[in-house]
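In order, the protein sequence lines correspond to chains A and B.
My numbering puts the first residue of the first sequence at 13, with every later residue one more than the last.
My numbering puts the first residue of the second sequence at 525, with every later residue one more than the last.
Even glycine gets a Cβ: it sits at the ideal position worked out from N, Cα and C.
Predicted, not measured: the structure shown is a model, and the values here were computed from it.
Comments concern the structure below.
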Amino acid sequence: MQLLHSELPSHKANATSSDMTNKIDHPQLCQWLKLIADNRDKQAFTEVFSFFAPKIKGIAQGKLNSEALASEVVQDTMTNVWRKAHLFDDNKGAATTWVYTIMRNVTFDLLRKMKANKEDTLSDDIWPLAESEHTEDDVFSDHIQSRNLKGIIDTLPENQQQVVKGFYFLEMSQEQLAVHLNLPLGTIKSRLRLALGKLKLKLGEDHD
Amino acid sequence: MIKHHPKFSLLKSFVDGDLPASLAAGIAIHADMCPICQQKISQLTEQVAEASFEQDILIKTPVSESAHTLEAAQMSFDDIISEITASDDIAPAKVIAKEKLITFKGMQYSLPNALRNMELGRTAQIGKLSRARVNLGEGEIHTNLLHIGPGGSIPEHTHKGFELTLLLAGTFADEQGEYVAGDFIMLDKRHQHQPATEHGCLCYTVANDALHFTQGINKLLNPIGAFIY
Ligand SMILES: [Zn+2]
Numbered sequence: 013m014q015l016l017h018s019e020l021p022s023h024k025a026n027a028t029s030s031d032m033t034n035k036i037d038h039p040q041l042c043q044w045l046k047l048i049a050d051n052r053d054k055q056a057f058t059e060v061f062s063f064f065a066p067k068i069k070g071i072a073q074g075k076l077n078s079e080a081l082a083s084e085v086v087q088d089t090m091t092n093v094w095r096k097a098h099l100f101d102d103n104k105g106a107a108t109t110w111v112y113t114i115m116r117n118v119t120f121d122l123l124r125k126m127k128a129n130k131e132d133t134l135s136d137d138i139w140p141l142a143e144s145e146h147t148e149d150d151v152f153s154d155h156i157q158s159r160n161l162k163g164i165i166d167t168l169p170e171n172q173q174q175v176v177k178g179f180y181f182l183e184m185s186q187e188q189l190a191v192h193l194n195l196p197l198g199t200i201k202s203r204l205r206l207a208l209g210k211l212k213l214k215l216g217e218d219h220d
Numbered sequence: 525m526i527k528h529h530p531k532f533s534l535l536k537s538f539v540d541g542d543l544p545a546s547l548a549a550g551i552a553i554h555a556d557m558c559p560i561c562q563q564k565i566s567q568l569t570e571q572v573a574e575a576s577f578e579q580d581i582l583i584k585t586p587v588s589e590s591a592h593t594l595e596a597a598q599m600s601f602d603d604i605i606s607e608i609t610a611s612d613d614i615a616p617a618k619v620i621a622k623e624k625l626i627t628f629k630g631m632q633y634s635l636p637n638a639l640r641n642m643e644l645g646r647t648a649q650i651g652k653l654s655r656a657r658v659n660l661g662e663g664e665i666h667t668n669l670l671h672i673g674p675g676g677s678i679p680e681h682t683h684k685g686f687e688l689t690l691l692l693a694g695t696f697a698d699e700q701g702e703y704v705a706g707d708f709i710m711l712d713k714r715h716q717h718q719p720a721t722e723h724g725c726l727c728y729t730v731a732n733d734a735l736h737f738t739q740g741i742n743k744l745l746n747p748i749g750a751f752i753y
């Protein structure tokens with residue numbers, strides 16, 4: 013159901029209207045972000061901060077009507093810039109677009125916390141940051157594994173697949189599965205044990 | 525082929541971050557399935573970002589305080605920079621989140637990314653209709669996953685507010701024609717519709733008021749409106 017975000021136009025190919033003549037020095041912003049990413053360069057961060065922070069504060073204040081909240085947006089947005097600079101990829105879009113996305117997402121989650129009284133942070137699911145691609149070797153995590161896992165689970169016999177999927181992806185208990193599939197609990201347990209044995213073999217012993 | 529897209533003003537509000545989570549998620553799901561809107565959103569985001577940061581925005585402060593406030597703001601900016609850069613932690617690369625599945629009437633569906641971290645209520649059923657509430661806490665705006673089993677339909681109704689139906693899987697048809705996965709159907713109170721599905725379908729629905737049924741016996745079924753939306 014999902015398309016990869018491959019249609020993002022490059023900012024060069026998609027230059028904005030002519031009356032915005034290069035007021036923003038994009039190559040400079042990219043260079044600073046790279047310095048932050050490669051060297052944790054505080055001077056470069058100060059430059060980026062000086063460029064964005066006052067503007068972010070103005071925008072956020074207009075939206076949230078509160079100086080304190082606007083400062084929170086500045087702080088959260090710029091913290092993300094510092095922590096995520098290595099994920100910025102200038103082939104995926106302009107630095108301004110990247111920072112804007114972070115700022116918009118931070119503001120959205122903050123407003124939601126106030127209005128809907130919800131602590132969920134949905135913004136990164138709704139507006140994912142365009143980030144550099146990482147090969148699976150770069151990122152070793154359970155989440156990546158779960159994608160592999162899915163492929164491997166599909167090779168199991170149907171009756172074992174049902175149990176494994178229910179248990180791991182739907183997070184049903186073995187008792188719930190027994191009721192749901194109308195099978196004795198013992199059958200569920202043995203199918204799960206069999207399936208896990210096979211999965212371990214295919215994934216290697218270090219994944220439990 | 526997807527024929528129904530969000531109109532421009534909705535895309536703009538989406539990019540600005542001004543929509544409630546329910547509608548923003550609807551647009552994100554549509555854009556994931558629709559390269560045309562994906563492209564529009566990308567371009568719009570780039571333009572809005574450029575415009576946001578190209579000029580100095582003056583923070584309005586009373587004239588008498590401005591010098592003092594500016595100085596204070598400057599100092600606090602320096603503090604924030606030191607505070608942020610004091611930590612060398614970097615964010616981990618984006619991880620591909622675990623796929624989340626949902627089952628209606630024995631049919632299993634993968635939830636769109638935008639809904640992955642939303643809280644879902646239990647599934648309730650009336651006849652061929654099953655629905656799970658998406659608990660977003662948005663007051664009168666109600667969001668649901670609505671499954672219509674094969675051969676099922678929703679009795680003809682009008683709507684007092686707005687009603688978004690985003691088809692996630694399967695197809696359905698109403699007086700206007702056939703709809704496919706990805707179609708983004710926004711109705712307001714002027715419209716009537718009676719979606720019916722031959723093979724079953726799953727929809728993401730957002731509405732800000734209960735349905736109003738318009739046809740004879742179906743008026744008796746009005747409680748169904750509260751059930752669906
Ligand atoms: Zn579209």
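In this structure, F538 (chain B) keeps its C-beta atom at 7 Å or more from the C-beta atom of I553 (chain B).
In this structure, the straight-line span from the alpha carbon of T667 (chain B) to that of M642 (chain B) is close to 11 Å. Between I164 (chain A) and V176 (chain A), the CB-CB gap reaches or exceeds 7 Å. At a Cβ-Cβ threshold of 7 Å, C725 (chain B) and G694 (chain B) count as neighbours. Between the alpha carbons of C558 (chain B) and V572 (chain B) lies a gap of roughly 21 Å. Look at C558 (chain B): its beta carbon is less than 6 Å from one of the heavy atoms in ligand 1.
C-alpha of A190 (chain A) to C-alpha of K527 (chain B): approximately 43 Å in a straight line. Listed along chain B are D613, I614, A615, each with a C-beta nearer than 7 Å to that of R95 (chain A).
Between the region 636-652 of chain B and the region 128-139 of chain A, the count of Cβ pairs shorter than 8 Å is three or higher; the stretches touch. Per DSSP, F63 (chain A) is one residue of the alpha helix (DSSP H) stretching across 54-76. For the region 93-132 of chain A, the full-length alpha helix (DSSP H) segments reaching 4 residues or more read 107-127 along the chain.
Taking a Cβ-Cβ cut-off of 9 Å, L189 (chain A) has no neighbours in chain B, whose nearest Cβ is about 12 Å from it. Sequence-ordered contacts of the region 553-570 of chain B with chain A read D556, M557, P559, Q562, Q563, S566, Q567, T569, E570 [C-beta pairs closer than 7 Å]. R205 (chain A) and P196 (chain A) have their C-alpha atoms spaced approximately 15 Å apart. Between the region 54-69 of chain A and the region 600-618 of chain B there are three or more C-beta pairs closer than 8 Å, enough to call the two in contact. H529 (chain B) has its Cβ nearer than 6 Å to a heavy atom of ligand 1. For secondary structure counted as the beta strand (DSSP E) over 3 or more consecutive residues, the region 626-704 of chain B holds these complete runs in sequence order: 631-634, 643-650, 653-659, 666-672, 681-683, 687-694, 696-698, 701-703. Cβ contact annotation for F100 (chain A) (same chain, cutoff 6 Å, sequence separation greater than five): L45, W110, in chain order. In the displayed model, H723 (chain B) falls within coil according to three-state DSSP, outside both helix and strand. Of the residues B:Q562, B:G651, B:A545, B:F532, the one whose Cα lies closest to the Cα of D136 (chain A) is B:A545.
Counted as a single uninterrupted DSSP element, the alpha helix (DSSP H) harbouring M557 (chain B) occupies residues 545-557.
Assigned with DSSP and collapsed to three states, T609 (chain B) falls in helix.
For L711 (chain B), the three-state secondary structure derived from DSSP is strand.
By the neighbour-count criterion, in which 16 or more other beta carbons inside 10 Å mark a residue as buried, F532 (chain B) falls on the exposed side.
Cβ neighbours of D88 (chain A) within its own chain (closer than 6 Å, five residues either side excluded): V118.
At a threshold of 6 Å, C561 (chain B) counts as near ligand 1, since its beta carbon sits closer than that to one of the ligand's heavy atoms. The contact set of M642 (chain B) on chain A, defined by CB atoms closer than 9 Å, consists of D132, L134, D137 in chain order. Shown here, H528 (chain B) sits in coil according to DSSP, grouped into three states, outside any helix or strand. Annotated as distal: A97 (chain A) and A82 (chain A), with beta-carbon spacing of 7 Å or more.
For F100 (chain A), the nearest beta carbon of chain B is not closer than 7 Å to its own beta carbon. Taking a beta-carbon distance threshold of 7 Å, E662 (chain B) counts as an interface residue toward chain A. Not a single C-beta of chain A is nearer than 7 Å to the C-beta of I526 (chain B). Sorting B:S611, B:L670, B:K624, B:Y703 by C-alpha distance to the C-alpha of I650 (chain B) places B:L670 at the top.
Rounded to whole angstroms, L76 (chain A) and F686 (chain B) show a C-alpha spacing of 26 Å. When Cβ-Cβ separations below 7 Å define contact, R203 (chain A) makes no contact with chain B. Put simply, the CB of A65 (chain A) is near chain B, with a gap under 7 Å to one of its CB atoms.
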